[in-house]
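In order, the protein sequences belong to chains A and B.
Sequential numbering from 13 applies to the first sequence in the numbering used here.
Sequential numbering from 17 applies to the second sequence in the numbering used here.
As C-alpha cells, the structure follows; a few thoughts come after it.
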Amino acid sequence: DAGVIQSPRHEVTEMGQEVTLRCKPISGHDYLFWYRQTMMRGLELLIYFNNNVPIDDSGMPEDRFSAKMPNASFSTLKIQPSEPRDSAVYFCASSQQGSGEAFFGQGTRLTVV
Amino acid sequence: GQQLNQSPQSMFIQEGEDVSMNCTSSSIFNTWLWYKQDPGEGPVLLIALYKAGELTSNGRLTAQFGITRKDSFLNISASIPSDVGIYFCAGRNSNTGKLIFGQGTTLQVKP
Chain A
13 DAGVIQSPRH EVTEMGQEVT LRCKPISGHD YLFWYRQTMM RGLELLIYFN NNVPIDDSGM
73 PEDRFSAKMP NASFSTLKIQ PSEPRDSAVY FCASSQQGSG EAFFGQGTRL TVV
Chain B
17 GQQLNQSPQS MFIQEGEDVS MNCTSSSIFN TWLWYKQDPG EGPVLLIALY KAGELTSNGR
77 LTAQFGITRK DSFLNISASI PSDVGIYFCA GRNSNTGKLI FGQGTTLQVK P
C-alpha cells in the first residue's frame with residue numbers, strides 16, 4: 013500500500029478564500045484522524061471518523077472548519093473562510109480496527125496570507 | 017479534555033549518550049505509541065505498547081507501558097546524529113478509538 017496520501021502538500025491562499033485539504037487513508041483502515049500541528053499547540057486532534065462516521069469533532073476550532081468522509085477511501089477538511097491564524101501543517105492519519113497503531117500522511121502545509 | 021504531559025520539552029546531548037523521555041496522563045489508555053518526526057515529514061511510528069507493564073524494544077529504542085496505564089517512557093541508547101528529531105508519545109482509548117498526542121520532545125545530538 014502507498015500509505016496515507018494527502019494533497020496538496022503545500023497550499024498558499026488569501027484570507028477569506030475557501031481551502032480544501034484531501035486525504036486517502038490506507039486501504040482497509042476503519043479510523044481516520046485529522047490533526048493540526050503548530051509550534052504553539054503541537055499536534056491537535058481536530059476530528060476523527062470510524063467507518064466513515066464522525067465520532068468526535070470537539071477539536072474543530074470553529075464553524076469555519078468542516079470535515080467529511082463520503083466513503084472509506086476519501087476524506088476532506090474544509091476551511092471557509094480561511095484566516096491567517098489557520099496557517100499550520102494539517103495531517104491525516106488512519107488506523108485499523110482493533111489495532112492502536114495509526115499511520116500518518118506527509119501533511120499539507122497551509123499558509124493563509 | 018484529555019491531556020498528555022510529555023517531558024522533557026527538549027534535549028541537547030552528546031553522541032553516544034543515552035536518552036530518556038516520558039509521558040504522563042490523568043486518564044487511562046489501552047495503547048501507548050511512540051513516534052518520531054523529521055522536518056517536513058509526518059510522524060513515523062517507532063514502538064506500540066498494548067499491555068500494562070509491557071517492555072518493548074526496537075533496536076536501540078526501548079519503551080515501557082506503565083503499570084497504572086497512565087504513563088509510558090522511551091529510552092534511546094547510544095544516540096547517533098540521525099536520532100535528531102521530535103519524539104511524540106500518543107495514548108489511545110480502545111473504547112472510543114480516540115488518539116491524542118503529547119507536546120513532543122525535541123532531541124538534538126552533537127557529534
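Glycine included, C-beta positions come from ideal geometry on N, C-alpha and C.
- request: Tell me whether Arg76/B sits in a helix, a strand or coil according to DSSP, three-state version.
  value: coil
message: Cβ closer than 9 Å: which chain B residues qualify as neighbours of Asp69/A?
response: The contacting residues do not exist; Asp69/A stays about 12 Å from chain B at best.
Segment contact, 8 Å Cβ cut-off, at least three pairs: the stretch 97-109 of chain A with the stretch 85-96 of chain B: Short answer: they don't touch.
- prompt: From the beta carbon of Asn62/A, is the nearest beta carbon of chain B less than 9 Å away?
  reply: yes
Under 8 Å (Cβ pairs) to chain B, residues found in the stretch 30-45 of chain A: Tyr43, Phe45
- prompt: Leaving out five residues before and five after Pro66/A in sequence, what residues of the same chain have Cβ atoms less than 8 Å from its Cβ?
  reply: These residues qualify, in order along the chain: Ile59, Tyr60, Ala79, Met81.
Segment limits, beta strand (DSSP E) that includes Asn83/A: 77-83
query: Does the distance from the CB of Ala76/A to the CB of Pro96/A come in under 9 Å?
result: According to the sequence provided, residue 76/A is Arg. The question's Ala does not apply to it. Not a contact, by the Cβ cut-off of 9 Å.
field: Same chain only: Cβ atoms within 8 Å of Ser10/A, ignoring 5 sequence neighbours per side
entry: The structure shown has nothing for residue 10/A, since chain A only spans 13 to 125.
message: Which runs of the beta strand (DSSP E) at least 3 residues long sit entirely within the stretch 49-113 of chain B? Give them in chain order.
response: 60-65, 71-74, 77-81, 87-92, 101-108
query: Interface residues of chain B around Leu89/A at Cβ under 7 Å?
result: What Leu89/A touches in chain B: nothing, since even the nearest Cβ is about 15 Å away.
message: Counting only Cβ-Cβ distances shorter than 8 Å, please list the residues of the stretch 84-95 of chain B near chain A, keeping chain order.
response: none
task: State the Cα-Cα distance for the pair Asp69/A and Asp42/A, rounded to the nearest angstrom.
output: 17 Å
query: So, is the C-beta of Gln119/B closer than 9 Å to a C-beta in chain C?
result: Absence of chain C from the displayed structure is noted, the protein chains being A and B.
message: Taking its Cβ as the centre, do 16 or more other Cβ atoms sit within 10 Å of Thr123/A, making it buried, or is it exposed?
response: exposed
task: Please confirm if the stretch 106-124 of chain B is in contact with the stretch 42-55 of chain B, defined as three or more CB-CB distances below 8 Å between the two stretches.
output: At 8 Å Cβ cutoff, the stretches touch.
task: May I ask you to report which of helix, strand or coil DSSP gives Pro66/A?
output: strand
- request: Identify the contact partners of Leu77/B in chain A, using a Cβ-Cβ distance below 8 Å as the criterion.
  value: Residues of chain A passing the Cβ test: none, with the nearest at roughly 15 Å.
message: Quick check on the burial criterion: 16 or more other C-beta atoms within 10 angstroms. Buried or exposed for Arg21/A?
response: Taking every protein chain shown into account, the CB of Arg21/A has fewer than 16 other CB atoms within 10 angstroms, so this residue is exposed.
query: Which residue from Gly101/B, Ser42/B, Ala79/B, Ile102/B puts its Cα closest to that of Asn91/B?
result: Ala79/B
- request: Could you check if Leu89/A is buried or exposed, using at least 16 other CB atoms within 10 Å of its CB as the buried criterion?
  value: buried
- prompt: Is the Cβ of Val65/A closer than 9 Å to any Cβ of chain B?
  reply: no
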